[in-house]
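Protein chains: 4
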Amino acid sequence: MRLDLKAEKRRREQTRTLVEACDRRDCLLSGQVSSCSLALPGCSMTSQKKLQGLVAATVTPMTQDREINLAVIGQYVDYLVNEQGVRSVFVNGTTGEGLSLSIQERKQLAEEWVAKGKEKLDHVIVHVGALSLPESKELAKHAAEIGVDGIAVIAPSFFKQVNKDALLAFLRDVASEAPGIPFYYYHIPPLTGIQINAEELLDGMTEQIPSFQGVKFSDRNLLDFGRCAAKNSSGQFALLYGVDEQLLSALAMGATGAVGSTYNYFGKANNVMMEAFAKGDFCTAQKYQFCIQEFLGFVIAQGFGVPQIKAVMSLVSGIPMGPPRLPLSSASEEFVAKVRAKLEGLKNCSYHLL
Amino acid sequence: MRLDLKAEKRRREQTRTLVEACDRRDCLLSGQVSSCSLALPGCSMTSQKKLQGLVAATVTPMTQDREINLAVIGQYVDYLVNEQGVRSVFVNGTTGEGLSLSIQERKQLAEEWVAKGKEKLDHVIVHVGALSLPESKELAKHAAEIGVDGIAVIAPSFFKQVNKDALLAFLRDVASEAPGIPFYYYHIPPLTGIQINAEELLDGMTEQIPSFQGVKFSDRNLLDFGRCAAKNSSGQFALLYGVDEQLLSALAMGATGAVGSTYNYFGKANNVMMEAFAKGDFCTAQKYQFCIQEFLGFVIAQGFGVPQIKAVMSLVSGIPMGPPRLPLSSASEEFVAKVRAKLEGLKNCSYHLL
Amino acid sequence: MRLDLKAEKRRREQTRTLVEACDRRDCLLSGQVSSCSLALPGCSMTSQKKLQGLVAATVTPMTQDREINLAVIGQYVDYLVNEQGVRSVFVNGTTGEGLSLSIQERKQLAEEWVAKGKEKLDHVIVHVGALSLPESKELAKHAAEIGVDGIAVIAPSFFKQVNKDALLAFLRDVASEAPGIPFYYYHIPPLTGIQINAEELLDGMTEQIPSFQGVKFSDRNLLDFGRCAAKNSSGQFALLYGVDEQLLSALAMGATGAVGSTYNYFGKANNVMMEAFAKGDFCTAQKYQFCIQEFLGFVIAQGFGVPQIKAVMSLVSGIPMGPPRLPLSSASEEFVAKVRAKLEGLKNCSYHLL
Amino acid sequence: MRLDLKAEKRRREQTRTLVEACDRRDCLLSGQVSSCSLALPGCSMTSQKKLQGLVAATVTPMTQDREINLAVIGQYVDYLVNEQGVRSVFVNGTTGEGLSLSIQERKQLAEEWVAKGKEKLDHVIVHVGALSLPESKELAKHAAEIGVDGIAVIAPSFFKQVNKDALLAFLRDVASEAPGIPFYYYHIPPLTGIQINAEELLDGMTEQIPSFQGVKFSDRNLLDFGRCAAKNSSGQFALLYGVDEQLLSALAMGATGAVGSTYNYFGKANNVMMEAFAKGDFCTAQKYQFCIQEFLGFVIAQGFGVPQIKAVMSLVSGIPMGPPRLPLSSASEEFVAKVRAKLEGLKNCSYHLL
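Shown next as structure tokens:
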């Protein structure tokens, strides 16, 4: 199938001209041009409060008898802002054991984060997903009433035969309870088992959900992610990557930010990495990424779920996050000891990390 | 296709007599009696109201706008008893879209089934499992208050790293809210992804949950099932198989009954199969099982989930079960047409089935 | 632990007599006889040498340097026949590490089994499957030349996108190299990942492969298995179940025999179970099945693959089966010690088992 | 669309000069140079013939009766070099249906590629992996005899319980048959099901296999990949990424090259992308990656395996690659028509691609 080579050559020259008008380097230096897809603060859009950079998926502090502990949330906010340079949070998500809480508890937590985050945090995003549509709607309505900066919804995952249209309808019904609040779709197929590409959902969401503002993308499928990024050429929405241990690869593919549990304690290190990437300084970016990976590879090999995240966060921040709620069980003391030793042993890396 | 109710009543009385002659413990000790772990009604225990035989996992009737439709439940009870010979139900389970409903809706449904089932049904088992422990406890408490005949709990499945002890603790906490109500563990690893053998959980449950009465076992792993049966030598609990399309294989391995969605419309056929099996008439038992499989193999190949179950039940019973709630979407008209044709085309089998 | 050979011979003769009275077709038409799809030797067909009963999936004996050890195969044959009452073998299959051997080695092994099995074994089935069609054809041709009693072929499993027609064409091409030799399809989706129902393949095989004689069905999907059995109403082919630890459930669903690694050392126990089942004595059948399951559940929980099978067989038979070939590694001494203790500790069961 | 060969040669020479100025180790220590783990040709090591850049995983041309077609390999070599700018090949791998061929055929193909590639190709890497260790060793020995530039071995995947030490022993035994030939480990867990991190294997391979030179890494787990890259700080081995549709993300994580089937026809486009990346021109790199993804996302949604790769390659190159061998079946005509239309319809992208 040989192409007509002359026509092709002409066409390519025209395109090249077009392309020269879009000088990415300008974008990178000035921060004025929107179409590079980087995580550079301000590199993209109009909205004063566009969600970008690092977003901590917060744990839910609990007392020793596994009840929610609202008392430490003020301290938690200060720690994130002052110690980690993280000014946005994702509350009641997977890390926050949102689906293990009652509706009432989820509301209380959302209220506390909004109250304590006032004038300190840029974005308090509240996850309002639930298996039950009426409950998810109730949570969305409440979130709007208390003035959150965004709501997010995971695909309901008890049934696996969910199709694209039904999922869109579910998301739309929830979003419509909070029409003025930015809506984020929380895409995490490895956990939900719902295998619908984010890219396929994007068109539907931008059309059907006026408040749609972005995706928390927690999957290793960077073909799907890249196709979302390709549709985000004017930076119209947030593409927040959610597989923390390989963030650098997603930045290269067009991530505009990141949501994850590790930003609770590795916020600083990831901020440096993202800045290095934005400046084109790959050596530094890789150095930080590899350090982060050395630690995360280690804990993942031990089994790294919410109980372990809570333990690491308690250890690093000094704030008592407590045990997880059932059906999860506390991280072992052996795990905590190993983590402590690993952090100390990361001679070449640990100053980057903490 | 109404059953002759008098004959039916007579048959049940005869069975009861027959059963008294069959002392399960004798069978196990002497090895002389052949029907030792069978689903013969009453072949095992002391309790007047031991759960056994077929239990219909009920669908939740909905209106066209996907709200619960309590109005048809009375009719539904009569259909099960009179047309299908099924006198026990499992409400708000997977088939009943329990986790897609609000807590309030689940309570309303439980109340309606208890009310309409009075003096008609032998057992109204209400599923009270939820991802959230406080919600599950609230439901268990309510179930006890309204006088259900049993509660059942599925493993909370959002997090997959649940271990045996934590799962037991979760189940125990729920059961303790309804201490006088028989407790059933709902084991369904293919759906929950929680891969803990039922046999491993059994010891813990018999020790820690005084109200423990049995397992709804929805898995093809008949090694695990057989090991449960081996622990049930005096018939102390119910072993209810839940993979409808291969029930006969589980009867051979010690099932004492069955819970499933297909008993809504294939109750009669399965009752005949179970009776044939109990009498040692394998030819008849297989004949019925193979007919049932011909139909179920056909619909499973089309994709057979809750929406399709609702459609089949509406078609066969004539009671409008309505669409499923989001995130599920209605079965296609094409599916319904195929089912209708298949049922008619099952020349050699359909008289067994309907 | 030698069987009383005279008593054994007598038992086999009696069974044969019993069997002549059982005409399978009568059973199916009249519905009067209860044991219609059973594994009763001879209960079904015309062919004098129909494959039925237990078939041992043999391990491949190896020397300490992991080379095949032909020297012990004569002893192996005698052990199976005299100690286990097993008179058919499945050579070079999964248990036999067939795909880890060279073509030349597979031929040598087939030759040795045929030679040593002469006038001792009823059936020497040789597995000739390979990832490569030309190699599989070469093996089939060789098997025919040396006079095996049957060949078997697994689905080539490197590529997972194999469709039904292509798989049938592959099987047909292999079978056509040995047109006079009974052909068995080896169905094992959990290992191959090729998810095509056996029942769908059956029609194609009976039409396209004149030498087709049966299926080794190694899957827990007993809907699929039952649908095969329903197509086997006149006992025209062998339905050999291959998930040893739940054989009883498959007998109930129409299995006509069994192929598996555990029949190397639990042949006797399984023979008793099958006979009890055939006589309708469920108490005894379950008793044996549960004993077998207690042992197999234990070893499966330790990790039970070919290396462990070889170790168990060496321990029980006293014949040195040696280590497996790379990429497999030997069972640990700890495993062997545990197995030894478990066999001794099975107080209530061990007399059934060994 | 022939490349200007002289210009191309000049470009390559310049790059080499440029590269000499770029000392990777300096980069890593000083942090001043931005392109530290890049795929810049020559940016790393001493060896004159270090494998880097794009490596085409070649299809195996076949005649209409599915026999290997050696006749077109000369033409194939010229196409890759002249039309795609690809000068290294990976022969008899997954794309090449290596495991579907006989040992004899694999040898013939290796010989033909070496013969036709002489003075045209930089690297002819021959995959010599097999399920059977003796066969894999035989192939390695042959490859050494005919003077290939490297051998590669996939994990034998029939058994899934392979552990790290046994896998290393298997690889070492194969490598030792070709001690003077660079050895590459072919890591592809999604296909083999062998879930051992490449990073864990690295230490073992560098210690035990003197000829070890690198990894073809075909997995989306970029934590594992990054940890390999962190161990490659002095560029001592090749890290060749193998998930073509997301190559850019792996470049960011330290890939030094890429092996894949799409470089047969998208070599040029990927070369431009890699060069843009190496220069820090992310706008251009993303633009090319997104174009490539638009096409690959489309074909993957149709089902994109070896048959479809062969069809695309036949279409784009004009060289008749023929059907695949059984158990694979030819791509449908409908697929080919869709691909043709898609390529034409990629208005904004196709000039980049072809």
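Chains as they are written, first to last, in full-length UniProt numbering: chain U, 1 to 354; chain C, 1 to 354; chain Y, 1 to 354; chain V, 1 to 354.
For glycine and all other residues, C-beta sits at the position ideal for the given N, C-alpha and C.
All values reported here derive from a predicted model rather than from experimental measurement.
Residue i: contacting residues in chain C (beta-carbon distance under 7 Å)
| i | result |
| --- | --- |
| Q308 (chain Y) | Near Q308 (chain Y) there are no residues of chain C at all, since even the closest Cβ is about 16 Å away, more than 7 Å. |
| A166 (chain U) | L326, P327, L328, S329 |
| S102 (chain U) | S132, P134, E135 |
| G226 (chain Y) | Q246, Q289, F290, Q293 |
Cβ pair residue i, residue j closer than 8 Å
| i | j | result |
| --- | --- | --- |
| M313 (chain V) | Y265 (chain V) | yes |
| S160 (chain V) | G204 (chain V) | Rather than Ser, the amino acid found at residue 160 (chain V) in this sequence is Lys. Contact: no. |
| V174 (chain C) | K216 (chain C) | no |
| P324 (chain Y) | S317 (chain Y) | no |
| V148 (chain U) | Y186 (chain U) | no |
| L109 (chain C) | T60 (chain C) | yes |
| C349 (chain V) | E275 (chain V) | no |
| A124 (chain Y) | G257 (chain Y) | As written in the sequence, residue 124 (chain Y) is Val, which differs from the Ala given in the question. Taking 8 Å as the Cβ cut-off, V124 (chain Y) and G257 (chain Y) do not qualify as a contacting pair. |
| F170 (chain C) | P327 (chain U) | yes |
| L353 (chain Y) | A230 (chain Y) | no |
Closer than 8 Å to chain U by CB, residue i
| i | result |
| --- | --- |
| P327 (chain C) | yes |
| S234 (chain V) | no |
| Q84 (chain V) | no |
| D4 (chain V) | Note that D4 (chain V) has pLDDT 46, beneath the 50 cutoff, so the model's placement of it is unreliable and the number below is only indicative. No, its Cβ sits nowhere closer than 8 Å to a Cβ of chain U. |
| Q208 (chain V) | no |
| G242 (chain V) | no |
Proximity test, Cβ basis, 8 Å: residue i and chain C
| i | result |
| --- | --- |
| L353 (chain U) | no |
| residue 355 (chain Y) | Residue 355 (chain Y) cannot be examined here, being either before or after the span of chain Y that is shown, 1 to 354. |
| L54 (chain Y) | no |
| A252 (chain Y) | yes |
| G193 (chain Y) | no |
| Q213 (chain Y) | no |
Residue-chain proximity (residue i, chain V), Cβ-Cβ < 8 Å
| i | result |
| --- | --- |
| Q161 (chain Y) | yes |
| I57 (chain U) | Inspection of the sequence shows that residue 57 (chain U) is occupied by Ala rather than by Ile. It does not; no Cβ of chain V falls within 8 Å. |
| N221 (chain U) | yes |
Contact set between residue i and chain Y, taken where Cβ atoms lie within less than 8 Å
| i | result |
| --- | --- |
| E275 (chain C) | Ordered by position in chain Y, no residue passes the 8 Å Cβ test against E275 (chain C), which lies about 13 Å from the chain. |
| A269 (chain C) | Here the premise fails: no neighbours, minimum Cβ distance about 14 Å. |
Partner residues on chain U for residue i, Cβ-Cβ distance less than 7 Å
| i | result |
| --- | --- |
| G303 (chain C) | Q161 |
Chain V residues whose Cβ lies nearer than 9 Å to that of residue i
| i | result |
| --- | --- |
| A169 (chain Y) | L326, P327, S329 |
Partners in chain Y for residue i, counting only beta-carbon separations shorter than 7 Å
| i | result |
| --- | --- |
| L99 (chain V) | L131, S132, F158 |
Chain U contact residues for residue i, given Cβ-Cβ distances below 9 Å
| i | result |
| --- | --- |
| D173 (chain C) | L326 |
Cross-chain neighbours of residue i in chain C, by beta carbon under 9 Å
| i | result |
| --- | --- |
| A198 (chain Y) | None at all; the shortest Cβ gap to chain C is about 12 Å. |
C-beta neighbour in chain Y for residue i, strict 8 Å
| i | result |
| --- | --- |
| K338 (chain C) | no |
| G297 (chain C) | yes |
| A258 (chain C) | no |
| A230 (chain C) | yes |
Where residue i meets chain D, residues with beta-carbon distance less than 7 Å
| i | result |
| --- | --- |
| L248 (chain U) | Checking the listed chains, one finds no chain D in this structure; the protein chains it contains are U, C, Y and V. |
The region 276-287 of chain C / the region 300-308 of chain Y touching (three or more Cβ pairs under 8 Å): The way I'd put it, the region 276-287 of chain C doesn't touch the region 300-308 of chain Y; fewer than three beta-carbon pairs between them come closer than 8 Å.
Could you say if the region 246-258 of chain C and the region 209-225 of chain C meet the contact criterion of at least three C-beta pairs nearer than 8 Å? With a cut-off of 8 Å, the region 209-225 of chain C and the region 246-258 of chain C count as touching, because enough Cβ pairs lie within range.
Could you tell me which whole alpha helix (DSSP H) segments of length 4 or greater appear in the region 211-274 of chain V? Segments of the alpha helix (DSSP H) lying fully in the region 211-274 of chain V: 222-230, 247-252.
Going along the chain, which unbroken runs of the beta strand (DSSP E) with 3 or more residues stay wholly within the region 56-131 of chain C? Here the runs fully enclosed are 88-91, 123-127.
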